[in-house]
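Protein chains in written order, with our numbering: chain B, 255 to 672; chain A, 10 to 347; chain H, -5 to 382. Taking it in order: structure first as structure tokens, then the write-up.
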Amino acid sequence: MQTQQIFLFFIGIVALAGLVAFFSGRSKAQRVRASGAEMYAQPDQYGWFTAISSAGPALLVGLAAVVAIATADIDIEGMQLLIASLVVAAVGLVIGLALVKPDFHARNAIETLIRYVLIGAAMISIVTTFGILVSIIFEAIRFFQMESFWTFITGTTWDPGNSFQMAAGRGEGVESTANFGAVPLFAGTFMITLIAMLVAIPIGLLAAVYMAEFAPESVRTVAKPVLEVLAGIPTVVYGFFAAITVAPLIVDIFSPLGIEASYNNALAPGLVMGIMIIPFISSLSDDVITSVPDTMRQGSLALGMTHGETIRNVILPAALPGIISASLLAMSRALGETMIVVMAAGMRPNLTANPLEDMTTVTVRIVAALTGDQEFASAETLSAFALGLVLFVVTLLLNMVSVVLIRRFREKYSANNL
Amino acid sequence: MKAFLKSGLAVAVIAASVGAAEAREQLRIVGSSTVYPFSSYVAEELGATSDFPTPVIESTGSGGGMKLFCEGVGDSTPDITNASRRMKTSEFERCEENGVTDITEAMIGFDGIAFAQSVRDGSMDLTREQITLAVAAQVPVDGKLVDNPYTKWSEIDSSLPDRKITVYGPPSTSGTRDAFEELVMEVSTEEMEGYGGEGYTNIRQDGHYIAAGENDNLIIQKLVENTEAFGIFGYSFLEENADKVVGASIDGVQPEADAISSGEYPVSRSLFYYVKNQHKDDVPAQQAYNDLFMSEKMIGELGYLKGIGLIPLPKEERATLREQVAERTKLTLADLQK
Amino acid sequence: MSHSFDDISAQLKGRHRRTKRLKFMSMGALALAATFLVVFIGDMVMRGYPAFQQAELHVPVTYSEQSQEIPLAAVEEDVRDLVSRGWLRQLPRDMAADASLMGQTIDRWVIADDQVDQYLKGHKSHLKPKQTAVLDRMIENGTAELKFNINFFTTGDSKLPEYAGIWSAAMGTILTLLVTLAFAFPVGVLTAVYLEEFAPDNRFTQAIEININNLAAVPSILFGLLGLAIFINFFGMPRSSPLVGGLTLGLMTLPVIIITTRSALRSVPDTIRQAAFGVGCSRWQVVRDHVLPLSLPGILTGSIIGLAQAMGETAPLIIVGMVAFIPDAPTAITQAATVLPAQIFTWAGEPEQAYVERTAAGILVLLSVLILLNAAAVMLRKKFERRW
Chain B
255 MQTQQIFLFF IGIVALAGLV AFFSGRSKAQ RVRASGAEMY AQPDQYGWFT AISSAGPALL
315 VGLAAVVAIA TADIDIEGMQ LLIASLVVAA VGLVIGLALV KPDFHARNAI ETLIRYVLIG
375 AAMISIVTTF GILVSIIFEA IRFFQMESFW TFITGTTWDP GNSFQMAAGR GEGVESTANF
435 GAVPLFAGTF MITLIAMLVA IPIGLLAAVY MAEFAPESVR TVAKPVLEVL AGIPTVVYGF
495 FAAITVAPLI VDIFSPLGIE ASYNNALAPG LVMGIMIIPF ISSLSDDVIT SVPDTMRQGS
555 LALGMTHGET IRNVILPAAL PGIISASLLA MSRALGETMI VVMAAGMRPN LTANPLEDMT
615 TVTVRIVAAL TGDQEFASAE TLSAFALGLV LFVVTLLLNM VSVVLIRRFR EKYSANNL
Chain A
10 MKAFLKSGLA VAVIAASVGA AEAREQLRIV GSSTVYPFSS YVAEELGATS DFPTPVIEST
70 GSGGGMKLFC EGVGDSTPDI TNASRRMKTS EFERCEENGV TDITEAMIGF DGIAFAQSVR
130 DGSMDLTREQ ITLAVAAQVP VDGKLVDNPY TKWSEIDSSL PDRKITVYGP PSTSGTRDAF
190 EELVMEVSTE EMEGYGGEGY TNIRQDGHYI AAGENDNLII QKLVENTEAF GIFGYSFLEE
250 NADKVVGASI DGVQPEADAI SSGEYPVSRS LFYYVKNQHK DDVPAQQAYN DLFMSEKMIG
310 ELGYLKGIGL IPLPKEERAT LREQVAERTK LTLADLQK
Chain H
-5 MSHSFDDISA QLKGRHRRTK RLKFMSMGAL ALAATFLVVF IGDMVMRGYP AFQQAELHVP
55 VTYSEQSQEI PLAAVEEDVR DLVSRGWLRQ LPRDMAADAS LMGQTIDRWV IADDQVDQYL
115 KGHKSHLKPK QTAVLDRMIE NGTAELKFNI NFFTTGDSKL PEYAGIWSAA MGTILTLLVT
175 LAFAFPVGVL TAVYLEEFAP DNRFTQAIEI NINNLAAVPS ILFGLLGLAI FINFFGMPRS
235 SPLVGGLTLG LMTLPVIIIT TRSALRSVPD TIRQAAFGVG CSRWQVVRDH VLPLSLPGIL
295 TGSIIGLAQA MGETAPLIIV GMVAFIPDAP TAITQAATVL PAQIFTWAGE PEQAYVERTA
355 AGILVLLSVL ILLNAAAVML RKKFERRW
């Protein structure tokens, strides 16, 4: 039998079991009630209860089978699965019906079950975090068994050399000269992030100040969504724009000045990324500025400060934790951004302070290592996971600090809308 | 109950995925980025002119393709892998270990590796030795190996132009890089003094050689932008982009189809694809794809693939190979050790 | 030390000037961001609009036995290199499908080769002088024209630029997003309901909350690593399939849906809950019958925004193999598929001008869909938002 057919049959069995159980449970409850007994719950609720007790275990059987097939390579015949689920559903129905008695709290039973389902759903996000960690960490550990952690963090030469061929058994007789010093990658990532922040923080912050303090309501209602559009543009689109429009423009601008710029210069992806993260900063800063209590504005104006001085000396200092928090969030976004740099930044690990040279980043290396080849035994491929781990830890730390800062701000001004 | 049904749906989605065990009609191909243009051309032709669905092709690099291909037998593994080099014995053994025991090798033609630059400056005459001196990590100076000091071509040989050495080439995971190291660096260093008669294949990392990723198109773009630079890539890309880039003649031979096919051009290699015969019955399109790919219409002297840069095999060899692939002659370890 | 009133009023002027300056600078910042948006969209339109047109040639097509064997024989010799090969190779199938064609010669519009297309659009082309001479004559006769490029919307990826379209990528996007929605919407809403309505305020709950916030900040490419390791390598789901891509994007979208759903739930006033409890509802009944219906517009808005975000994502999909040559549209979630942003990424790597055009055109389509989605979200919020 085809898997799809089995699947349809299975769904059919579960649905049918649920329906049969619902109606038989409800009618039994109605009969009991008609006989004059006081019941704790409504007949419908008894119906739901029997439906769950019948269809639920059958679903679980299916789920268990799927997990068994996928993970333990156990061969389960479709027919066996269908029969098993049918049996379980029948048993569930009998037990469920037997429980339909006047002194049984059907509603509470459902309530408890729902609570477990909800907890289960909430656990998925935790499982996801662990999943990410696990899928990175094992391969990263294998990498650090081959290459020292210290050289990885502090080394200044990134040169996978022929480590790939060695692992694939083709580097016969050639001495491995691989170097996995990630500093040039970190430097490239940092440079591009820095350029992005230099663009985004002033523009984002000033735009937020304008929207929160100066703009008439009409401008504000238009400007906010327009800014948000910037964050909604897919990164692959920004990447195309950076590579095909901005980078050649930069080369053209600098070449008459006698300055040679690479077509993969770090400036183009940095600028474009900066534009992308403007709304991250402006939106949150706007929220923070508006939640600085009005009493502070009034107090400042009453002391004779001008509007500008109030903003500079009172509001911005008060909002500073929130603004820093927004900047950190934007920064972690910039660090992890992939498509823009894959399309517009260079491929060469390059330790330089000149943004007009080509530099490569952590995310570019991850993509290159994992799409170029999948030889999991080679240090070059595994290095992608080590880099992923670094990225994960750094973004996590930035986010943590950001959360703490914004919480402090919130507590200080009891601003609840953040 | 609604929410209950909804989470049921999520479970169902997961359950449906186990449909991996069901027969899939679509041919799955992975492997070399050099063979990719030919392979996708044939695939599209198959989809457009037959009732089979168009095969799916993922460009993963030769080594990556072998890894996926040799992972085992079954629907979740590819049916065919492309390679710009022969299968390594280690890869063959890995295949055997995982139960991929019936493989047919198909050689489809040749590809020359071009050392090219932007059309603006026209062709240039280079020798393999000069190229090696430009890209090696260490070069002999006064009989001793030192870190490559050359930053301009004129420093290598005064007859060469006074241009900065910038070479865009494939990264170390690429089959093109393998071939370049073997056919250019190894061959020339074996004869040069200072390397002690052994092949030397380490490439410099000081910024004069830039690994530009698996995507050969990207290298072309770079050459157009940076007219000073050279690029290393397959002949097919040279032919396809003849309006943008021009190949340097190596050891006095221009990279042209005839010279590559005859072996006169020193930097040429054969292209392959490998068929997993155990999927023969599950994926009928495999046979159709084989037949189409090996047909005169595709790999012949007047075939379509020639138009996009494949260099055909000699006629008799094509006929023998066509027969071998049609009969699905099993590849053995001894074949690879030849 | 004392100042005269004049001094002070002069000083005051300066102070007000500084306020003005701040105002104009901040206005300028906003204007700058808006300008960028305009420049950016203008650039894409300029690059992309030519792709919506495609050159076609009006030529006599001979349906004969010879052209069934060798399709090239169906058109006259001087235009053989000008007609698209993709069109010619379909001839035998057309003839097999419609036997009445045999033996006829029909004048009709056929798709031209991409080089002809570029020539007609006034770009550089590889055409030889002889070919351009033929073409110039045809243009004069009105037998070579730029027509609306319907192929762009009805075909999948192709090695022939004139036949490359976004149809299969669009179908892949739809299937992928369906999986994403089927996974992320229920799980996200249930999680939010748990955190907002059921969870006790303890360490465990706080841990989940912090975790969700962190998850929202994890770089998307790491979700790709997760998808590769868990869904493909561990569960053995088919590579490049909308199933794997959709689940990966689903996990990525989860925090967005949870966070927006929570704020939607929070905006329902407590009095409603108290009233429902007052008439004897259980906690779940309160949520199901009162809180959820009232917060539904907010939840849907958040979900649409999350979905739009997932729709533009590429990085994790590269890792799970959805960037590949896939010309056929997928019909099931287990088949290989590609998505719009991945198609854009693939085309962006092709050097031909025809693909650059198509990349930009694909971007325009993607942006239009995203803008529609976001507009729908805004409308939904406007229409159903309730202030308590």
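Yeah, the Cβ is synthetic: ideal placement off N, Cα and C, and Gly gets one too. All figures in this text were calculated on a predicted structure; none of them were measured in a lab.
Asn286 of chain A and Ile112 of chain A do touch by the CB rule: their CB atoms are close to 7 Å apart, below 8 Å. Each of H:Asp0, H:Asp1, H:Ala323, H:Lys7 was checked against the Cα of Gly562 of chain B, and the nearest Cα belongs to H:Lys7. When secondary structure is reduced to three states using DSSP, Glu114 of chain A falls in the strand class. Taking Val238 of chain H as reference, the option from H:Leu248, H:Gly315, H:Ile215 with the minimal CA-CA separation is H:Gly315. When the alpha-carbon of Val616 of chain B is set against those of H:Ala370, H:Ile320, H:Pro213, the nearest one is in H:Pro213. Of the candidates A:Ala343, A:Ala146, A:Asn235, A:Glu105, the residue whose Cα lies closest to the Cα of Thr160 of chain A is A:Ala146. With its beta carbon less than 8 Å from one in chain A, Met601 of chain B belongs to the interface.
Secondary structure of Leu154 of chain A (DSSP, three-state): strand. Here Leu222 of chain H has Ile313, Val314 as same chain residues with Cβ atoms under 8 Å from its own Cβ, once five neighbours each way along the sequence are excluded.
In this model, Ala355 of chain H and Lys153 of chain H are separated by some 17 Å (Cα to Cα). Closer than 8 Å at the C-beta level to chain A, one finds these residues of the region 107 to 136 of chain H: Lys118, His120.
For Ala106 of chain H, there is no enclosing alpha helix (DSSP H), since its DSSP letter is neither H nor E. Going by beta carbons, Gly316 of chain B and Ser281 of chain B fall outside the 8 Å limit. Of H:Lys124, H:Glu134, H:Lys118, H:Glu139, the smallest CA-CA separation from Ala106 of chain H is found for H:Glu139. At least 8 Å separates the beta-carbon of Val82 of chain A from that of Lys253 of chain A. Inclusion of Ala294 of chain A and Pro64 of chain A in the CB contact set at 8 Å is warranted, their separation being smaller than that value. Contacts between Thr90 of chain A and chain H, judged by CB atoms closer than 7 Å, are missing: the closest CB pair is about 13 Å apart. In the three-state reduction of the DSSP assignment, Ser214 of chain H falls in the helix class, which pools H, G and I. Residues of the region 33 to 65 of chain A that bring their beta carbon within less than 8 Å of a beta carbon in chain H comprise Arg33, Gln35, Arg37, Tyr45, Pro46, Ser49, Tyr50, Ala52, Glu53, Glu54, Gly56, Ala57, Thr58, Pro62, Thr63, Val65, in sequence order.
The criterion of a C-beta distance shorter than 8 Å is not satisfied by Gln230 of chain A and Asp413 of chain B. Contact check for Arg664 of chain B against Ala638 of chain B fails: the beta carbons are separated by 8 Å or more. Only residues of its own chain outside the window of five on either side were considered, and among them Leu76, Val110, Tyr113, Leu114, Leu121, Ala138 have a CB closer than 8 Å to the CB of Leu129 of chain H, listed in chain order.
Between the region 439 to 448 of chain B and the region 511 to 519 of chain B, the count of C-beta pairs closer than 8 Å stays below three; the two stretches do not touch.
Here the alpha carbons of Leu219 of chain H and Phe225 of chain H stand approximately 10 Å from one another. Contact check between the region 283 to 297 of chain B and the region 344 to 362 of chain B: three or more CB pairs, one atom from each, fall below 8 Å, which counts as touching. Burial of Ile174 of chain A is indicated by the presence of at least 16 other C-beta atoms within 10 angstroms of its C-beta.
DSSP, reduced to helix, strand and coil, places Arg94 of chain A outside both helices and strands of the structure shown, so it counts as coil.
Looking at the DSSP output, Gln126 of chain A sits in a beta bridge with A:Phe239, A:Val255. Interface flag for Glu336 of chain A against chain B is unset, since no Cβ pair is found closer than 8 Å. In the DSSP assignment, Glu50 of chain H forms a beta bridge with H:Ile105, H:Glu139. Of all residues in the region 214 to 239 of chain A, only Gln214, Gly216, Ile219, Ala220, Ala221, Gly222, Glu223, Lys231, Glu234, Asn235 place a beta-carbon less than 7 Å from a beta-carbon of chain B. The beta carbon of Ala304 of chain H sits closer than 7 Å to the beta carbons of Leu171, Thr174, Leu243, Met246, Thr247 from its chain, once the five residues preceding and following it are set aside; these are given in chain order. Where Val284 of chain A is concerned, the enclosing beta strand (DSSP E) starts and stops at 277 to 285. For Leu319 of chain A, the secondary structure class from DSSP, reduced to helix, strand or coil, is coil. At a cut-off of 8 Å between beta carbons, Glu265 of chain A makes no contact with chain H. Unbroken beta strand (DSSP E) runs of no fewer than 3 residues, entirely contained in the region 124 to 179 of chain H, are found at 138 to 142, following chain order.
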